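Have a look at the structure below before the remarks.
In my numbering, the protein residues as written are 910 to 1524.
Structure, rendered in structure tokens:
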């Protein structure tokens, strides 16, 4: 019994109605602001962190195929984010969607993971921005830090403390703390400038392309390098969750969130593929720098030395723009989780002047500054993608679960200002008032009250999907995880067929097919929204499979570090979040309906109101 209660508490779900009211944060972000947030984060992280590092060390010229695969996966994720933003327009992020559809423990895992990813991504971008500035000063800044401050020769940390990178993060913290409107204005300027520099890079690079750089070996390690590059490049596509996490500060979120998601994926896919193609065509991939690769690459081609400095200026604009987005987002995730009681409520304070979560911004930003001070980009990038892939898989799963959940509200119902609880309470009060007017006897009142209780229990029972759906979904997830890891770790045994590898592939593939057939036979609810993902359950299952396949191709050290971070988070949740969760303090639907009359005197003769107590 205790274990059953524990499982129920771990999977308790967030009530959407609580967040459909006005947010304490100021709604000031327009469609252009939201698109700029997502585009700035993706272009900055993709162009000035991912392209050079992954082309040189992982995928080679096949980085184009890696980005293409990551873009297709991200496009599927955009579909799911768009539907969820239509279902829950005034609050967002993978954390919130998971809390509403899957339960508290899964939401904490997603939120805690995304928090780490954004903090690390911010530190990586600060290092890249520092490198671009150092390039403008011909390496004098890094020389000063190494020779006049300190030089580290310890494995696992950078060769010198990058105080410039830490200072950049602290400056962005101050900007974001000043308010979302001001941060967005600066971020938009940086995004526009970086996009102009991007056009210059593509046009200038096309003049020096050499297809011989592709003819030698486009994929040095075969399919494995393409999948590994796509998995590691996926952190660049974190901009989608940044957009939805800003839903509480968005103007007209029902319209602007879905549109900004579509615009962001379109702009960024074209930009990333174009730059990756030009970069690997201009010079052999082995000669690419691990960071600030665009600027250093173009210093080796053509007879225009100033190109290096022009592109470095573009790198500063792009990384600063992305840094604003990536410092903005973890503070909102931290604010939301602390507001829900899963993390310390100290972080949920909103300043009266700027209406921004200053404490959450400071905590997330200072953590990024410390990482930027100590670690190199390569050491930070290795841990980035797993959280984003996990979050996107969870959003696809949320869409799948929501389609088979009875009693889902459509667009018109969701816009209403009253929650189901308020409606039930209002109806009960109307019934109570009518009972007093008509002087019904007590037995009739108790009968109606009992009917309210049983209706409340029935509504509570009908909220979750049926057990057939749960079994089918569990089998589907088991088959997807099994097939993805078999394809990743036993691929060479499939190319040189081994019976056990073929058996496992057939077993897990058969499980997936059977589960999809079973899900297809299950009735879906009749909810209607302005955008709905077609092909459910097949498209969500495909997206989840690709996400898990990319996760399975990450380095084993990534899983070890991720496990350590999750262990810390689960300790915090068990010791603090489990007990302080706002959902833990909420009465259940049945408790709200369990009100009966203690006594029903004649209201007109006594002039006293009847007393109620909870049983």
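Every residue, glycine too, gets a C-beta built ideally from N, C-alpha and C.
Keep in mind that this is a model prediction, so the values were computed, not measured.
Supposed contact pair residue j and residue i - C-beta distance, whole angstroms, cut 8 Å
i: residue 1149; j: residue 947; result: 6 Å
i: residue 1380; j: residue 985; result: With 8 Å as the limit, residue 1380 and residue 985 do not qualify as a contact, their Cβ atoms being about 25 Å apart.
i: residue 1105; j: residue 1095; result: Not confirmed; about 16 Å, so no contact.
i: residue 1191; j: residue 1118; result: 6 Å
i: residue 1099; j: residue 949; result: 6 Å
i: residue 963; j: residue 975; result: 7 Å
i: residue 1127; j: residue 1280; result: Not quite, the Cβ-Cβ distance comes to about 34 Å (not below 8 Å), so this is no contact.
i: residue 1442; j: residue 989; result: 6 Å
i: residue 1160; j: residue 937; result: 7 Å
i: residue 1050; j: residue 1073; result: 6 Å
i: residue 1144; j: residue 1235; result: With 8 Å as the limit, residue 1144 and residue 1235 do not qualify as a contact, their Cβ atoms being about 10 Å apart.
i: residue 943; j: residue 1458; result: Residue 943 to residue 1458, Cβ: 30 Å. No contact.
i: residue 1055; j: residue 1069; result: 4 Å
i: residue 994; j: residue 1245; result: Actually they do not touch by this definition, with Cβ atoms about 15 Å apart.
i: residue 1078; j: residue 1278; result: 4 Å
i: residue 1527; j: residue 1022; result: The first residue shown for the chain is 910 and the last is 1524, placing residue 1527 beyond what the model contains.
i: residue 1494; j: residue 1018; result: No, residue 1494 and residue 1018 are not in contact; Cβ-Cβ is about 22 Å, not under 8 Å.
i: residue 1174; j: residue 987; result: 5 Å
i: residue 982; j: residue 1170; result: Wrong, their Cβ atoms sit about 14 Å apart, outside the cutoff.
i: residue 1180; j: residue 953; result: Actually they do not touch by this definition, with Cβ atoms about 11 Å apart.
i: residue 1140; j: residue 1460; result: 7 Å
Residues bridged to residue i [DSSP beta-bridge criterion]
i: residue 1305; result: For residue 1305, which the question treats as bridged, DSSP gives no partner whatsoever.
i: residue 1159; result: 938
Delimiting residues of the alpha helix (DSSP H) encompassing residue i
i: residue 1567; result: An answer regarding residue 1567 cannot be provided, because it is not within the stretch 910 to 1524 covered by the chain.
i: residue 1423; result: 1408-1430
i: residue 1403; result: 1400-1404
i: residue 1133; result: 1132-1142
i: residue 1121; result: 1121-1124
i: residue 1493; result: That residue, residue 1493, is in no alpha helix (DSSP H); it is neither H nor E in DSSP.
i: residue 1444; result: Where residue 1444 is concerned, there is no enclosing alpha helix (DSSP H), given that its DSSP letter is neither H nor E.
i: residue 1259; result: Here residue 1259 belongs to no alpha helix (DSSP H), and DSSP marks it neither H nor E.
i: residue 1479; result: 1465-1481
i: residue 1147; result: First-last for residue 1147: undefined, no H or E at that position.
i: residue 1078; result: 1072-1086
i: residue 1278; result: 1267-1283
i: residue 1050; result: 1049-1053
Nearest candidate by alpha-carbon position, reference residue i, set the options
i: residue 1232; options: 912, 951, 937 and 923; result: 951
i: residue 1485; options: 963, 982, 1255 and 1147; result: 1255
i: residue 1114; options: 1165, 1490 and 1188; result: 1188
i: residue 1382; options: 1310, 988 and 1410; result: 1310
i: residue 1040; options: 1285, 1425 and 1473; result: 1285
i: residue 1032; options: 1076, 1051 and 1251; result: 1076
i: residue 1438; options: 1425, 1167, 1247 and 1135; result: 1167
i: residue 1253; options: 1482, 1493 and 1060; result: 1482
i: residue 1264; options: 1092, 1213 and 1385; result: 1092
i: residue 1268; options: 1025, 1034, 1072 and 1241; result: 1241
i: residue 1393; options: 1431, 1408 and 1454; result: 1454
i: residue 1411; options: 1390, 1425, 1395 and 1314; result: 1395
i: residue 1303; options: 1174, 971, 1004 and 992; result: 1004
i: residue 939; options: 1406, 954, 1450 and 1165; result: 1165
i: residue 1090; options: 1375, 1067, 1390 and 1237; result: 1237
i: residue 1283; options: 1060, 977 and 1110; result: 1060
i: residue 1385; options: 1298, 1194, 1427 and 1180; result: 1427
i: residue 1416; options: 1401, 1390 and 1440; result: 1390
i: residue 1435; options: 1398, 1314 and 1424; result: 1314
i: residue 997; options: 1462, 1111, 1460 and 1154; result: 1154
i: residue 1228; options: 1034, 982, 935 and 1430; result: 1034
i: residue 1272; options: 922, 1247 and 1152; result: 1247
i: residue 960; options: 987, 1470, 1037 and 1298; result: 1037
i: residue 1103; options: 1064, 1213, 1450 and 1223; result: 1223
i: residue 1195; options: 1461, 970 and 977; result: 970
i: residue 1012; options: 1108, 1249, 1087 and 1120; result: 1249
i: residue 979; options: 1259, 1043, 1397 and 1452; result: 1452
i: residue 1387; options: 1375, 914 and 1418; result: 1418
beta-carbon residue i near the ligand PLP non-hydrogen atom, thresh 7 Å
i: residue 1174; result: You won't find the ligand PLP in this model; it holds no ligand whatsoever.
| Uninterrupted alpha helix (DSSP H) stretches inside the segment 936-981 (no shorter than 4 residues) | Entirely contained in the segment 936-981, the alpha helix (DSSP H) runs reaching 4 residues are, in chain order, 940-954 and 960-963.
| Every unbroken beta strand (DSSP E) inside the segment 976-1025 [3 residues or more] | Given a length threshold of 3 residues, the segment 976-1025 has no whole run of the beta strand (DSSP E) inside it.
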